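Trainee: What follows is a single structure, and I will ask about it in a moment.
2 protein chains.
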Amino acid sequence: MTENTVTFADIQSAAKMIAPLVFRTPVMTCETINALVGRELFFKCEHLQKVGAFKYRGASHAVARLSAAQKKNGVCTHSSGNHAQALALAAKQQQMPAYILMPETAPRVKVDSVRGYGAEITFCEPTQSAREETARIIVEQTGATFIHPFDNSHVIAGQGTAALELLEEIPDLDAIICPVGGGGLASGTCLAAHGINPDVKIFAAEPEGADDTFRSFQSGERQTVGIPDTIADGLLTSVGELTWPILKQHLSDVLTVDDDQITSAMQLLWSRMKQVVEPSGAVPLAAILNHDLPNDLKKIGVILSGGNIDLNKLTW
Amino acid sequence: MTENTVTFADIQSAAKMIAPLVFRTPVMTCETINALVGRELFFKCEHLQKVGAFKYRGASHAVARLSAAQKKNGVCTHSSGNHAQALALAAKQQQMPAYILMPETAPRVKVDSVRGYGAEITFCEPTQSAREETARIIVEQTGATFIHPFDNSHVIAGQGTAALELLEEIPDLDAIICPVGGGGLASGTCLAAHGINPDVKIFAAEPEGADDTFRSFQSGERQTVGIPDTIADGLLTSVGELTWPILKQHLSDVLTVDDDQITSAMQLLWSRMKQVVEPSGAVPLAAILNHDLPNDLKKIGVILSGGNIDLNKLTW
Numbered sequence: 014m015t016e017n018t019v020t021f022a023d024i025q026s027a028a029k030m031i032a033p034l035v036f037r038t039p040v041m042t043c044e045t046i047n048a049l050v051g052r053e054l055f056f057k058c059e060h061l062q063k064v065g066a067f068k069y070r071g072a073s074h075a076v077a078r079l080s081a082a083q084k085k086n087g088v089c090t091h092s093s094g095n096h097a098q099a100l101a102l103a104a105k106q107q108q109m110p111a112y113i114l115m116p117e118t119a120p121r122v123k124v125d126s127v128r129g130y131g132a133e134i135t136f137c138e139p140t141q142s143a144r145e146e147t148a149r150i151i152v153e154q155t156g157a158t159f160i161h162p163f164d165n166s167h168v169i170a171g172q173g174t175a176a177l178e179l180l181e182e183i184p185d186l187d188a189i190i191c192p193v194g195g196g197g198l199a200s201g202t203c204l205a206a207h208g209i210n211p212d213v214k215i216f217a218a219e220p221e222g223a224d225d226t227f228r229s230f231q232s233g234e235r236q237t238v239g240i241p242d243t244i245a246d247g248l249l250t251s252v253g254e255l256t257w258p259i260l261k262q263h264l265s266d267v268l269t270v271d272d273d274q275i276t277s278a279m280q281l282l283w284s285r286m287k288q289v290v291e292p293s294g295a296v297p298l299a300a301i302l303n304h305d306l307p308n309d310l311k312k313i314g315v316i317l318s319g320g321n322i323d324l325n326k327l328t329w
Numbered sequence: 014m015t016e017n018t019v020t021f022a023d024i025q026s027a028a029k030m031i032a033p034l035v036f037r038t039p040v041m042t043c044e045t046i047n048a049l050v051g052r053e054l055f056f057k058c059e060h061l062q063k064v065g066a067f068k069y070r071g072a073s074h075a076v077a078r079l080s081a082a083q084k085k086n087g088v089c090t091h092s093s094g095n096h097a098q099a100l101a102l103a104a105k106q107q108q109m110p111a112y113i114l115m116p117e118t119a120p121r122v123k124v125d126s127v128r129g130y131g132a133e134i135t136f137c138e139p140t141q142s143a144r145e146e147t148a149r150i151i152v153e154q155t156g157a158t159f160i161h162p163f164d165n166s167h168v169i170a171g172q173g174t175a176a177l178e179l180l181e182e183i184p185d186l187d188a189i190i191c192p193v194g195g196g197g198l199a200s201g202t203c204l205a206a207h208g209i210n211p212d213v214k215i216f217a218a219e220p221e222g223a224d225d226t227f228r229s230f231q232s233g234e235r236q237t238v239g240i241p242d243t244i245a246d247g248l249l250t251s252v253g254e255l256t257w258p259i260l261k262q263h264l265s266d267v268l269t270v271d272d273d274q275i276t277s278a279m280q281l282l283w284s285r286m287k288q289v290v291e292p293s294g295a296v297p298l299a300a301i302l303n304h305d306l307p308n309d310l311k312k313i314g315v316i317l318s319g320g321n322i323d324l325n326k327l328t329w
């Protein structure tokens, strides 16, 4: 990482750069869910983004920022899934190679999809250290540019464009809630939202089985996940070095939910909104349903982060 | 039934009348599915309609047309599900009673939903004769107006408004394909589309296990279903007396698909479009995937008719 700050201007610049590459996803509402939570929720539908997740925003932005020389050698990353698909597609569209490290535990639907975009996949153990070490070796061998899933300023700026669009469409939101894994989406959301309106409250929602950001927020110091244990397979990683200071500065709170709460929220999104949202994407709604948010937060933006789930492995 | 003709003007009038009652549903596209079928498909998202199905269009129209005296005694119908929910909600919004007969085999999610709208449910055997007989008794006892799920001119006119909106948005469609059960949606689609452009080809898609419209179209005479056998639980009924002549006049063809083809199409809609569409709603895409439609049909409108499925009973 050569850059270590991200500003609101970076997000505005990213939005301009990736506008021809990404979908401007719709904002949906659901009367039934509003009645249930007693607030107005505005769902930013990033599960309808290319590759089925917000990750395409950051990946396509990072790839677009590469020099001509860098593009020749391609890109490399480690990812539990959606960033892998996103980078694979972004690289394919620029006709450059992509080298993707995936944990052996990654959902088959995500592995198939990455392979379908023509990326070269290497499997490794599902630990952060194994991923990072294997990535280092591949970068040495190929000369590819490593695009970190979240601790990369261009990635953060790209992810922030989702909240930018959401607030353009619904300017009077009282709060925004998004899931947090490594914190790319959450930190980009913080910078975008507070760049537009410093009074918007930003909440991060996290699975109990990977609650490093919650513990970081409680202690004031960045904590890491041991062995994550949650169905929210997009949120297994620990909050990043670059993302954590942004979150610490901007978040109102970090709200945790357990797997049953995530499943119930996901079923609500499927059955009432008819939207296939993956467990990680249902974490924010689960947090709204299971925490007592302040009453004055009437209009809340909810980022539905992704929709990539193996339909053959539904547990209900 | 007191009226036995429906015209394009009736559909235009219905559209005006129900505009404040129904959602104007979006039209979605999917690059992956387009690449797969080699055509441009435009999905009219009636699974995002109120109650999760196009049926709300016809039901709210029929209810809106009742006299003040009729409204007092409420409405009655028999339905395998979505029409029941639609009529229950339409009645609730006009604060009138709704008496709903449902087959004992109706999915629990649909039964719960009807009950949630405050309707009074009576269960009966899953045969057309049992439903009709029980309905007759309830109408006698309550004075309610019977609103047939499809053989009702106001219902047909209401269902036609979906195709009207679709062609307003995508005027140069070569064809439209929709599912056919009793034929309310299909006949309304025929009248709406040919009222706008007589050159649009209209196809009806039907499950093999309830292929009465297919057999009717082959023989030229209205046929009925014996004991239906298909996962497409919204398409179990036989084509109607009022709807059949319209279909006979307007349809280019009736295309049948088996349950495996329906399931595959449904999975494609869930996994690639992230849309929860019920089996009946996936029948048109299954037909496109498994039949050789003429090559000159480049732009095809597909009506995704509903999204009400019991998530606890997925068979894959």
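Each protein sequence line maps, in turn, to chains A and B. So that you can map any letter, position 156 of the first sequence is 169 in my numbering, and since no number is skipped, the others follow by simple counting. So that you can map any letter, position 102 of the second sequence is 115 in my numbering, and since no number is skipped, the others follow by simple counting. In this text, a Cβ means the ideal position worked out from N, Cα and C, and glycines have one as well. Here the structure is a predicted model, which is why all the values come from computation and not from measurement.
1) From residue 214 of chain B to residue 224 of chain B, what does the alpha carbon distance come to, in whole angstroms?
2) For the segment 272 to 291 of chain A, which residues have a beta carbon sitting closer than 7 Å to at least one beta carbon of chain B?
3) Enumerate, from N- to C-terminal direction, the unbroken beta strand (DSSP E) stretches of 3 or more residues contained entirely within the segment 223 to 281 of chain A.
4) Going straight from the alpha carbon of residue 165 of chain A to that of residue 288 of chain B, what length do you get?
5) Can you grab the Cα-Cα spacing for the pair residue 15 of chain A / residue 325 of chain A, in whole Å?
6) Give the single residue among A:118, A:65, A:53 whose Cα lies nearest to the Cα of residue 38 of chain A.
7) Would you mind stating whether residue 312 of chain B and residue 59 of chain B have Cβ atoms separated by less than 8 Å?
8) Would you verify that the beta carbon of residue 60 of chain A is, or is not, closer than 8 Å to some beta carbon of chain B?
9) For residue 75 of chain A, which residues in the same chain have their Cβ closer than 7 Å to its Cβ, ignoring the five residues on either side in sequence?
10) Where DSSP assigns a beta bridge to residue 89 of chain B, which residues make up the other side?
11) In the structure shown, what three-state DSSP assignment does residue 55 of chain B receive?
12) For residue 317 of chain A, name the three-state secondary structure that DSSP assigns.
13) Counting only C-beta atoms, is residue 124 of chain B closer than 8 Å to chain A at any point?
14) To test your reading of the DSSP string, which unbroken alpha helix (DSSP H) runs of 4 or more residues are found completely within the segment 166 to 194 of chain B?
15) Here's a check: name, in chain order, each residue in its chain whose Cβ is nearer than 7 Å to the Cβ of residue 50 of chain B, leaving out the five neighbours to either side.
16) Report the CB separation of residue 273 of chain A from residue 120 of chain A in whole angstroms; it is logged as a contact under 8 Å.
17) Measuring from the CB of residue 27 of chain A, is there a heavy atom of the ligand FAD at a distance below 7 Å?
18) Under 7 Å between beta-carbons, which chain B residues line up against residue 222 of chain A? List them in chain order, please.
19) Taking the beta carbon of residue 126 of chain A as the centre, do at least 16 other beta carbons fall within 10 Å, making it buried, or is it exposed?
20) Measure the alpha-carbon distance for residue 298 of chain A versus residue 146 of chain B and round it to whole angstroms.
21) Tell me whether residue 122 of chain B sits in a helix, a strand or coil according to DSSP, three-state version.
22) Look up residue 135 of chain B in the DSSP assignment and give the residues it is bridged to.
23) Three-state secondary structure (DSSP) at residue 291 of chain A?
24) Do we get a CB-CB distance below 8 Å when we pair residue 247 of chain A with the residues of chain B?
25) Using a C-beta to C-beta distance shorter than 7 Å, which residues of chain B count as neighbours of residue 179 of chain A?
26) Take residue 148 of chain B and list the residues in its own chain whose beta-carbon comes closer than 8 Å to its own, dropping the five residues that flank it on each side.
27) Going along the chain, which residues of its own chain have a beta-carbon closer than 6 Å to the beta-carbon of residue 343 of chain B, five neighbours each way excluded?
28) DSSP state of residue 215 of chain B, grouped into three classes?
29) Using a cut-off of 7 Å between C-beta atoms, extract the partners of residue 65 of chain A located in chain B.
30) Give me the Cα-Cα distance between residue 227 of chain A and residue 280 of chain B, rounded to the nearest whole angstrom.
31) So is residue 94 of chain A in contact with chain B if we call contact Cβ pairs under 8 Å?
32) Please report whether the beta-carbon of residue 320 of chain B lies at a distance below 8 Å from any beta-carbon of chain A.
33) At which residues does the alpha helix (DSSP H) containing residue 95 of chain B begin and terminate?
34) I need the DSSP call for residue 28 of chain B, collapsed to helix, strand or coil.
35) Is the Cβ of residue 324 of chain B closer than 8 Å to any Cβ of chain A?
36) If the criterion is Cβ atoms closer than 8 Å, does the pair residue 24 of chain B and residue 314 of chain B meet it?
Mentor: Based on what the coordinates show:
1) For this step, residue 214 of chain B is matched to residue 201 along the second sequence. For this step, residue 224 of chain B is matched to residue 211 along the second sequence. Taking the straight line joining both Cα atoms gives about 20 Å.
2) 280, 283, 284, 287, 288, 289
3) 266 to 270
4) Along the first sequence, one-based indexing puts residue 165 of chain A at 152. Along the second sequence, one-based indexing puts residue 288 of chain B at 275. Each residue's alpha carbon lies about 32 Å from the other.
5) Translated into positions along the first sequence, residue 15 of chain A becomes position 2. Translated into positions along the first sequence, residue 325 of chain A becomes position 312. Interpretation of residue 15 of chain A is limited by its pLDDT of 39, a score under 50 that renders its predicted location unreliable; the figure taken from the coordinates is listed afterwards. Taking the straight line from one Cα to the other gives about 42 Å.
6) The residue given as residue 38 of chain A occupies position 25 in the first sequence. Out of A:118, A:65, A:53, A:65 has the C-alpha closest to the C-alpha of residue 38 of chain A.
7) Here residue 312 of chain B refers to the residue found at position 299 when the second sequence is read from its first residue. Here residue 59 of chain B refers to the residue found at position 46 when the second sequence is read from its first residue. For residue 312 of chain B and residue 59 of chain B, no; Cβs fall outside 8 Å.
8) Within the first sequence, the letter at position 47 stands for residue 60 of chain A. At least one chain B Cβ lies under 8 Å of residue 60 of chain A.
9) Taking the first residue of the first sequence as 1, we reach residue 75 of chain A at position 62. Only 160, 165, 167, 168, 171 meet the Cβ criterion.
10) Within the second sequence, the letter at position 76 stands for residue 89 of chain B. B:112, B:159.
11) For this step, residue 55 of chain B is matched to residue 42 along the second sequence. Reduced to three states, the DSSP call for residue 55 of chain B is strand.
12) Translated into the one-based positions of the first sequence, residue 317 of chain A becomes position 304. Note: residue 317 of chain A maps to strand in three-state DSSP.
13) Sequence index remark: in the second sequence, residue 124 of chain B carries index 111 (1-based). Closer than 8 Å: no.
14) Runs found: 166 to 182.
15) Position 37 of the second sequence, counting from 1, holds the residue named residue 50 of chain B. Counting only Cβ-Cβ distances below 7 Å, and skipping sequence neighbours, we find 301, 302.
16) For the purposes of this step, residue 273 of chain A is identified with residue 260 of the first sequence, where counting begins at 1. For the purposes of this step, residue 120 of chain A is identified with residue 107 of the first sequence, where counting begins at 1. With 8 Å as the limit, residue 273 of chain A and residue 120 of chain A do not qualify as a contact, their Cβ atoms being about 20 Å apart.
17) Of ligands this structure carries none, so the ligand FAD is not represented either.
18) Taking the first residue of the first sequence as position 1, residue 222 of chain A is located at position 209. Those do not exist, as residue 222 of chain A stays about 23 Å from chain B at its closest Cβ, beyond 7 Å.
19) Working through the first sequence from its first residue, we reach residue 126 of chain A at position 113. Result: buried.
20) Walking along the first sequence from the start, residue 298 of chain A turns up at place 285. Walking along the second sequence from the start, residue 146 of chain B turns up at place 133. Each residue's Cα considered, the two are about 45 Å apart.
21) For the purposes of this step, residue 122 of chain B is taken as the residue at position 109 of the second sequence. Looking at residue 122 of chain B - three-state DSSP - the assignment turns out to be helix.
22) One-based indexing of the second sequence puts residue 135 of chain B at position 122. Answer by DSSP bridge pairing, in chain order: B:114.
23) Within the first sequence, numbered from 1, the residue matching residue 291 of chain A stands at position 278. Coil.
24) Within the first sequence, numbered from 1, the residue matching residue 247 of chain A stands at position 234. No, its Cβ sits nowhere closer than 8 Å to a Cβ of chain B.
25) Numbered from its first residue, the first sequence carries residue 179 of chain A at position 166. Residues of chain B passing the Cβ test: none, with the nearest at roughly 17 Å.
26) Sequence index remark: in the second sequence, residue 148 of chain B carries index 135 (1-based). Taken in chain order, the residues that qualify are 89, 90, 91, 114, 159.
27) Not covered by the structure: residue 343 of chain B. The range shown for chain B is 14 to 329.
28) If you number the second sequence from 1, residue 215 of chain B lands on position 202. If DSSP states are grouped into helix, strand and coil, residue 215 of chain B belongs with the strands.
29) Stepping through the first sequence from its first residue, residue 65 of chain A is reached at position 52. The answer, in chain order, is 287.
30) Taking the first sequence and counting its residues from 1, the one referred to as residue 227 of chain A is at position 214. Taking the second sequence and counting its residues from 1, the one referred to as residue 280 of chain B is at position 267. Taking the straight line from one Cα to the other gives about 36 Å.
31) The residue given as residue 94 of chain A occupies position 81 in the first sequence. It does not: the Cβ of residue 94 of chain A has no partner Cβ on chain B nearer than 8 Å.
32) Locating residue 320 of chain B in the second sequence gives position 307, where the first residue counts as 1. Yes, its Cβ sits closer than 8 Å to a Cβ of chain A.
33) Counting from 1 along the second sequence, the entry for residue 95 of chain B is found at position 82. Where residue 95 of chain B is concerned, the enclosing alpha helix (DSSP H) stretches over 95 to 106.
34) Here the question's residue 28 of chain B lines up with position 15 in the second sequence. DSSP places residue 28 of chain B in helix when its eight states are reduced to three.
35) Locating residue 324 of chain B in the second sequence gives position 311, where the first residue counts as 1. Taking Cβ atoms only, chain A reaches closer than 8 Å to residue 324 of chain B, which makes this a yes.
36) Taking the second sequence and counting its residues from 1, one reaches residue 24 of chain B at position 11. Taking the second sequence and counting its residues from 1, one reaches residue 314 of chain B at position 301. Contact flag unset, no.
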